[in-house]
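Some notes on the structure that comes next.
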Ligand SMILES: [Zn+2]
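Numbering (the numbering used here), first residue to last: 43 to 277.
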């Protein structure tokens with residue numbers, strides 16, 4: 043028995059293990075969970091942005107309200123001054139009237155802006171409530187699904203543990219350096235071993251040079267495909 047026979051058996055068990063692991067990773071529940079998790083994170087980010095916008099808006103509202111108070115104070119003082127004026131001071135009165143009107147216009151313009159902001163605030167508030175509600179639903183769905191998946195995962199990881207143990211037991215029959223070589227090749231291409239198919243590599247399907255074919259026939263050590271680097275196995 044060539045030392046590659048043991049490695050070939052190891053590869054069979056290794057591929058079965060990988061296959062099982064990949065299928066477990068693609069479990070619909072797991073895929074759904076990952077999607078939900080991403081969705082929840084996205085909504086949290088959205089909520090944070092809304093919160094920041096709301097805070098900025100509220101700050102603006104406060105400063106506008108302050109401005110209105112200032113203007114109202116001015117309006118009151120202009121009005122008092124006007125009341126105390128004689129007709130002879132009509133020039134000064136006209137100036138005061140102009141300032142009074144300017145203040146009133148300013149107040150109206152700020153009130154208009156505040157009304158617009160209030161609409162935006164209502165919109166943001168509604169959006170915040172909607173996103174919160176959706177996030178809550180997604181979280182509930184997530185924890186429900188997570189419980190089911192945890193059960194599934196427990197079963198799968200037990201099976202995976204068995205498969206790995208069986209594979210590792212086969213690995214112990216393989217020369218350690220050879221096994222390491224197999225693992226190194228696997229990082230680049232999998233499966234790392236291939237049987238020749240006629241004069242072609244069974245892995246990459248490229249023609250094998252005659253020197254490689256001869257080496258294989260003579261069973262002289264480890265022969266690799268020059269093209270893909272796989273270990274060639276001729277049973
Ligand atoms: Zn090849």
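Glycine residues also receive a C-beta, built at the ideal position from the N, C-alpha and C atoms.
Secondary structure of residue 230, DSSP reduced to three states
Here the question's residue 230 lines up with position 188 in the chain shown. Residue 230 falls in the helix class under three-state DSSP.
7 Å Cβ shell around residue 198 - same chain, five flanking residues per side excluded
Residue numbering aside, residue 198 sits at position 156 when the chain shown is read from its first letter. Counting only Cβ-Cβ distances below 7 Å, and skipping sequence neighbours, we find 66.
For residue 149 and residue 135, the rounded distance between their alpha carbons:
As a first step, residue 135 must be located in the chain shown, where it is residue number 93. As a first step, residue 149 must be located in the chain shown, where it is residue number 107. Their Cα atoms are separated by approximately 21 Å.
For residue 261, does the count of other Cβ atoms within 10 angstroms reach 16, so buried, or fall short, so exposed?
Here residue 261 refers to the residue found at position 219 when the chain shown is read from its first residue. The residue is exposed, with fewer than 16 neighbouring Cβ atoms inside 10 Å.
Considering only heavy atoms of ligand 1, does any lie closer than 7 Å to the CB of residue 210?
Start at 1 with the first residue of the chain shown, and residue 210 comes out as number 168. No, ligand 1 has no heavy atom inside 7 Å of this Cβ.
Can you list, in chain order, the residues of its chain whose CB lies under 6 Å from that of residue 96, leaving out five sequence neighbours each side?
Residue mapping note: residue 96 aligns to position 54 of the chain shown, counting from 1. Hits under 6 Å: 166.
Under 8 Å between C-beta atoms of residue 276 and residue 258
Locating residue 276 in the chain shown gives position 234, where the first residue counts as 1. Locating residue 258 in the chain shown gives position 216, where the first residue counts as 1. In this structure, residue 258 lies closer than 8 Å to residue 276 by Cβ.
Is the beta carbon of residue 365 less than 8 Å from the beta carbon of residue 133?
Beyond the ends of the chain as shown, which are 43 and 277, falls residue 365; an answer cannot be given.
Output yes or no for whether 8 Å exceeds the beta carbon distance between residue 156 and residue 99.
Here the question's residue 156 lines up with position 114 in the chain shown. Here the question's residue 99 lines up with position 57 in the chain shown. Going by C-beta atoms, residue 156 is not nearer than 8 Å to residue 99.
Just checking residue 239 against ligand 1 - is the residue's beta carbon closer than 7 Å to any of the ligand's heavy atoms?
For this step, residue 239 is matched to residue 197 along the chain shown. Because no heavy atom of ligand 1 lies under 7 Å away, the Cβ of residue 239 does not count as near it: no.
Sequence-distant residues of its chain with Cβ nearer than 6 Å to residue 232 (five each side left out)
Working through the chain shown from its first residue, we reach residue 232 at position 190. Same-chain partners within the cutoff: there are none.
Is residue 278 near ligand 1, with its Cβ less than 7 Å from a heavy atom?
For residue 278 there is no data in the structure shown, the boundaries of the chain being 43 and 277.
Beta-carbon within less than 8 Å of residue 224's beta-carbon, same chain only, minus the 5 sequence neighbours each way: which residues are those?
Here residue 224 refers to the residue found at position 182 when the chain shown is read from its first residue. In chain order, 49, 52, 53, 216, 234, 235 and 273 place their CB closer than 8 Å to the CB of residue 224, counting only its own chain and leaving out the 5 sequence neighbours on each side.
Through-space distance from residue 226 to residue 214, alpha-carbon basis:
By one-based count along the chain shown, residue 214 stands at place 172. By one-based count along the chain shown, residue 226 stands at place 184. Distance between the alpha carbons of residue 214 and residue 226 is about 17 Å.
Counting only the same chain and skipping the five closest in sequence on each side, list residues whose C-beta sits under 6 Å from that of residue 127.
On the chain shown, residue 127 is found 85 positions in, with the first residue counted as 1. Excluding sequence neighbours, residue 127 sits near 135.
In chain order, which alpha helix (DSSP H) runs of at least 4 residues are fully inside the stretch 45–133?
45–67 and 70–125
I'd like to know whether the C-beta atoms of residue 145 and residue 113 end up nearer to each other than 8 Å.
Sequence index remark: in the chain shown, residue 145 carries index 103 (1-based). Sequence index remark: in the chain shown, residue 113 carries index 71 (1-based). Yes.
What do you reckon, is the C-beta of residue 236 under 7 Å from a heavy atom of ligand 1?
Translated into the one-based positions of the chain shown, residue 236 becomes position 194. Judged by the Cβ position, residue 236 qualifies as a neighbour of ligand 1 at the 7 Å threshold, a heavy atom of the ligand being closer than this.
Please determine, among 76, 64 and 201, the residue with the shortest C-alpha to C-alpha distance to residue 188.
For the purposes of this step, residue 188 is identified with residue 146 of the chain shown, where counting begins at 1. Nearest option by C-alpha distance: 76.
Quick check: residue 269 and residue 243, are their CB atoms within less than 8 Å of each other?
Here residue 269 refers to the residue found at position 227 when the chain shown is read from its first residue. Here residue 243 refers to the residue found at position 201 when the chain shown is read from its first residue. Yes, the Cβ-Cβ distance between residue 269 and residue 243 is below 8 Å.
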